[in-house]
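Student:
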Amino acid sequence: EIVLTQSPGTLSLSPGERAILSCRASQSVSSSYLAWYQQKPGQAPSLLVYGASRRATGIPDRFSGSGSGTDFTLTISRLEPEDFAVYYCQQSGSSFQAFGQGTTVEMK
Amino acid sequence: QVHLQGSGPGLVKPSQTLSLTCTVSGDSINNGNYYWSWIRQPAGKGLEWIGRMHTSGTTDYNPSLKSRVAISVDTSRNQFSLKLRSVTAADTAVYYCARELVLLWFGESPSAVMDVWGQGNTVAVSS
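Quick mapping for you: the protein sequence lines, in order, are chains A and B. For the first sequence, our numbering gives the first residue as 71, with consecutive numbering after it. For the second sequence, our numbering gives the first residue as 45, with consecutive numbering after it.
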């Protein structure tokens, strides 16, 4: 079973700053199988990125995903007020779906 | 536009069975491009995938819950359901239903991502 570890747990930033979120897998994961989700307070998660670097429909280009093997990154180039939320990575390449524990991006 | 609406009791007694239903509108649950899934989230905590079903009959479950979980699909009603047996307080959570889109990759096995989510149903386990 692949375990995903996200860091940092919390990121305190100001609007306009760059956010870099990390997701590390306990064993190598195909980049095809790595996705990112955003969850705002009181809402269901929503898909941001799949295949490690492909933005889901309607996702602005300030969100970008990268990485391979065991290390993956979600970058938000310039934080907008609506981007302050919790972000989860997910591994989806087997019959078991694993989520990381989440990174909270909070306003400084 | 696809919409998922979960429904079911908000309170379940310990040792009983938690039952939730998700109604799909805007698409047929028979669409073979998708799995139909349940995910839960205890208050203030992260996401835990419970399991999924494809209308072909394939089911996959989280190993930690497998002995207590059953997911089924009712194509006539365009609904899918979750049953979780022998619940305890640790099963208190927001339960989300979701659609998993199957992604095909050249030279690799398919993957699936949750591209549509229900609004979430809060279920408390308490006597």
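Every residue gets a Cβ at the ideal spot worked out from N, C-alpha and C, and that includes glycine. If you're wondering where the values come from, they're calculated on a predicted model, not measured in any experiment.
If you draw a straight line from the alpha carbon of L145/B to that of Y78/B, how long is it in whole angstroms?
Tutor: Walking along the second sequence from the start, residue 145/B turns up at place 101. Walking along the second sequence from the start, residue 78/B turns up at place 34. Approximately 5 Å, taken between the alpha carbons.
Student: Could you spell out where the beta strand (DSSP E) holding H47/B opens and where it closes?
Tutor: One-based indexing of the second sequence puts residue 47/B at position 3. 47-51 is the extent of the beta strand (DSSP E) around H47/B.
Student: Quick check: the Cα distance between R121/B and E152/A, rounded to an integer number of angstroms?
Tutor: In the second sequence, counting from the first residue as 1, residue 121/B sits at position 77. In the first sequence, counting from the first residue as 1, residue 152/A sits at position 82. One C-alpha to the other measures close to 37 Å.
Student: Listing by chain order, which chain A residues have their CB less than 8 Å from the CB of M97/B?
Tutor: Position 53 of the second sequence, counting from 1, holds the residue named residue 97/B. None at all; the shortest Cβ gap to chain A is about 12 Å.
Student: Starting from T75/A and walking both ways along the beta strand (DSSP E), at which residues does that stretch end?
Tutor: Locating residue 75/A in the first sequence gives position 5, counting from the first residue. Run containing T75/A: 74-77, per the beta strand (DSSP E) assignment.
Student: Taking the alpha-carbon positions, what's the L48/B to Q163/B distance?
Tutor: What you label residue 48/B is simply residue 4 of the second sequence in a count that begins at 1. What you label residue 163/B is simply residue 119 of the second sequence in a count that begins at 1. In a straight line, the C-alpha of L48/B is about 8 Å away from that of Q163/B.
Student: Please list the partners that Y78/B has in chain A, where partner means a Cβ-to-Cβ separation under 7 Å.
Tutor: In the second sequence, the residue the question calls residue 78/B occupies position 34. What Y78/B touches in chain A: nothing, since even the nearest Cβ is about 13 Å away.
Student: Could you tell me which of D141/A, S147/A, G163/A, V175/A sits nearest to T75/A, measuring between CA atoms?
Tutor: Taking the first sequence and counting its residues from 1, one reaches residue 75/A at position 5. Closest by alpha carbon: D141/A.
Student: Cβ closer than 7 Å: which chain B residues qualify as neighbours of L117/A?
Tutor: Walking along the first sequence from the start, residue 117/A turns up at place 47. Ordered by position in chain B, the residues that pass the 7 Å Cβ test against L117/A are V157, M158, D159.
Student: Applying a beta-carbon distance threshold of less than 8 Å, which residues of chain A neighbour L64/B?
Tutor: By 1-based counting over the second sequence, the position of residue 64/B is 20. By Cβ distance, chain A contributes nothing, its closest Cβ being about 14 Å from L64/B, past 8 Å.
Student: Determine the burial state of L148/B: buried for a count of at least 16 other Cβ atoms within 10 Å of its Cβ, exposed for fewer.
Tutor: Position 104 of the second sequence holds residue 148/B. It counts as exposed.
Student: Can you check DSSP and say which residues form a bridge with T127/A?
Tutor: On the first sequence, residue 127/A is found 57 positions in, with the first residue counted as 1. Partner(s): none; T127/A has no beta bridge.
Student: Taking 8 Å as the threshold (beta carbon to beta carbon), is A114/A in contact with chain B?
Tutor: Your numbering for residue 114/A matches position 44 in the first sequence. So yes, A114/A belongs to the interface.
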